[in-house]
Amino acid sequence: MTQRLHLVFGGELVDPQTNVFRDLNEIHIVGMFPNYDSAFKAWKAEAQRSVDNAHMRYFIAHIHRLRDEKTSGSPTEELGL
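Each residue of the sequence shown is one higher than the one before, counting from 35 in this note's numbering.
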(Lines of atoms letter the chains of each structure in order from A and count residues from 1; the text may use other names and numbers.)
(Lines give C-alpha, C1' and ligand atoms only; values in the text may rest on other atoms or scores of the structure.)
Protein backbone atom coordinates (compact mmCIF):
# COMPACT_ATOMS: atom_id res chain seq x y z
CA MET A 1 0.00 0.00 0.00
CA THR A 2 1.30 3.44 -0.93
CA GLN A 3 1.94 5.70 2.03
CA ARG A 4 0.69 9.24 1.58
CA LEU A 5 2.03 12.07 3.74
CA HIS A 6 0.55 15.56 3.98
CA LEU A 7 1.99 18.64 5.67
CA VAL A 8 -0.35 21.39 6.86
CA PHE A 9 1.26 24.80 7.32
CA GLY A 10 0.40 28.46 7.06
CA GLY A 11 1.24 32.00 7.85
CA GLU A 12 0.59 35.62 7.06
CA LEU A 13 0.98 36.61 3.41
CA VAL A 14 2.40 39.88 2.06
CA ASP A 15 -0.66 40.19 -0.18
CA PRO A 16 -3.76 37.96 -0.12
CA GLN A 17 -3.53 37.70 -3.93
CA THR A 18 -0.15 35.90 -3.73
CA ASN A 19 1.43 32.97 -1.89
CA VAL A 20 4.40 34.98 -0.56
CA PHE A 21 4.81 34.80 3.20
CA ARG A 22 5.41 38.02 5.14
CA ASP A 23 7.95 36.37 7.50
CA LEU A 24 9.32 32.86 6.89
CA ASN A 25 10.37 32.65 10.53
CA GLU A 26 6.72 32.92 11.57
CA ILE A 27 5.32 30.05 9.47
CA HIS A 28 2.98 27.91 11.55
CA ILE A 29 3.61 24.18 11.06
CA VAL A 30 0.34 22.49 12.01
CA GLY A 31 1.64 18.96 11.47
CA MET A 32 2.21 15.95 9.25
CA PHE A 33 -0.77 13.72 8.50
CA PRO A 34 -1.02 10.15 7.11
CA ASN A 35 -3.96 10.84 4.80
CA TYR A 36 -5.69 13.69 3.02
CA ASP A 37 -8.85 13.55 5.16
CA SER A 38 -7.02 14.17 8.44
CA ALA A 39 -4.87 16.87 6.79
CA PHE A 40 -8.00 18.55 5.45
CA LYS A 41 -9.62 18.57 8.90
CA ALA A 42 -6.51 20.18 10.41
CA TRP A 43 -6.30 22.70 7.55
CA LYS A 44 -9.97 23.61 7.93
CA ALA A 45 -9.67 24.10 11.70
CA GLU A 46 -6.69 26.45 11.31
CA ALA A 47 -8.25 28.32 8.38
CA GLN A 48 -11.45 28.90 10.36
CA ARG A 49 -9.49 29.95 13.45
CA SER A 50 -7.73 32.67 11.44
CA VAL A 51 -10.72 33.80 9.35
CA ASP A 52 -10.57 37.36 10.74
CA ASN A 53 -7.13 37.94 9.20
CA ALA A 54 -7.44 38.23 5.41
CA HIS A 55 -3.67 37.85 5.01
CA MET A 56 -3.52 34.52 6.85
CA ARG A 57 -3.47 31.37 4.67
CA TYR A 58 -3.02 27.67 5.36
CA PHE A 59 -1.93 25.06 2.83
CA ILE A 60 -1.79 21.29 2.42
CA ALA A 61 1.46 20.04 0.87
CA HIS A 62 1.51 16.53 -0.60
CA ILE A 63 4.85 15.42 0.85
CA HIS A 64 4.52 11.91 -0.59
CA ARG A 65 5.07 13.45 -4.03
CA LEU A 66 8.58 14.51 -2.99
CA ARG A 67 9.88 11.28 -1.48
CA ASP A 68 11.17 9.52 -4.60
CA GLU A 69 13.49 11.83 -6.52
CA LYS A 70 13.98 9.19 -9.24
CA THR A 71 10.29 9.24 -10.16
CA SER A 72 9.17 12.13 -12.36
CA GLY A 73 5.50 11.85 -11.36
CA SER A 74 3.52 10.47 -8.48
CA PRO A 75 0.49 8.21 -8.08
CA THR A 76 -1.44 11.07 -6.46
CA GLU A 77 -3.29 11.70 -9.71
CA GLU A 78 -5.22 8.48 -9.06
CA LEU A 79 -6.87 10.21 -6.09
CA GLY A 80 -8.46 12.78 -8.37
CA LEU A 81 -7.11 15.71 -6.34
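C-beta: ideal position from N, C-alpha, C; glycine also.
DSSP places PHE43 inside the beta strand (DSSP E), whose first and last residues are 40–46. In this chain, the beta strand (DSSP E) harbouring ALA95 covers 90–96. Within the segment 44–70, the runs of beta strand (DSSP E) that reach at least 3 residues and sit entirely inside it are, in chain order, 62–67. Each of PHE55, ASN87, PHE74, ASP86 was checked against the Cα of HIS40, and the nearest Cα belongs to PHE74. The beta carbons of ALA81 and ARG91 sit closer together than 9 Å.
Collapsing the DSSP output to three states places GLN37 in coil. HIS89 and ARG83 have their C-alpha atoms spaced approximately 13 Å apart.
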